[in-house]
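For the sequence shown, numbering that gives the first Met the number 0 begins at 0 and goes up steadily by one. From the three backbone atoms N, C-alpha and C, an ideal C-beta is built for every residue, glycine too. These numbers come from a predicted model, not from an experiment. What follows is a set of notes on a single structure, which appears directly below.
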Amino acid sequence: MTSEELYQRYVWAGAMTRNADALADLFTADGVLESPLVPPGHAYPRRLEGREQIRTAMAAYYQRSADATLTGDATLTGDATADPAASRYQVHTTADPGVFIVEVDAVVNEPAGSTTVSLVQIFRVRDGKIALLRDYFAPGLVD
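Put into structure tokens, the structure is as follows:
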């Protein structure tokens with residue numbers, strides 16, 4: 000699987016379908032999902048270690064977002080939908096075949112209008128799975 004294919008599967012499992020099982024299955028058993036800019040105690044997990052912790056924590060996060068939508072308490076992630084046609088990304092390969100970087104400008108549609116969320120993700124891959132993903136985004140945009 001190419002870097003781009005792995006990235007597209009990651010986006011589909013996470014942002015597009017919020018499928019914690021599919022997302023976790025993209026990681027190695029000891030994989031790490033890290034969002035270094037997210038402050039401790041934030042609703043979005045700052046660091047998850049291991050496929051099962053990723054599965055459990057992201058399922059809880061996705062459920063919380065869905066519940067917020069139902070109660071009207073949602074922010075960007077709860078009542079927003081990704082707009083893949085308007086969003087853009089660029090996958091950059093590196094000298095290390097096990098590392099790639101993605102620049103993203105994700106357009107998100109909300110009831111009040113569209114927002115563009117820019118972020119950078121660094122993927123470390125082992126045996127076709129994500130061993131480490133560092134996701135750099137503005138934590139104030141997700142609740």
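{"Asked": "Take every Cβ of the segment 83-101, pair it with every Cβ of the segment 49-63, and state whether three or more of those distances are shorter than 8 Å.", "Found": "no"}
{"Asked": "Here's a check: name, in chain order, each residue in its chain whose Cβ is nearer than 6 Å to the Cβ of residue 18, leaving out the five neighbours to either side.", "Found": "12"}
{"Asked": "Buried or exposed: residue 34, going by 16 or more other Cβ atoms within 10 Å of its Cβ?", "Found": "buried"}
{"Asked": "Name the two residues that bound the continuous alpha helix (DSSP H) containing residue 20.", "Found": "19-23"}
{"Asked": "Determine the DSSP secondary structure at residue 5, reduced to helix, strand or coil.", "Found": "helix"}
{"Asked": "Say the cut is 7 Å; is the CB of residue 0 nearer than that to a heavy atom of the ligand FAD?", "Found": "For the structure depicted, the ligand FAD is absent and the ligand set is empty, with no information on it obtainable."}
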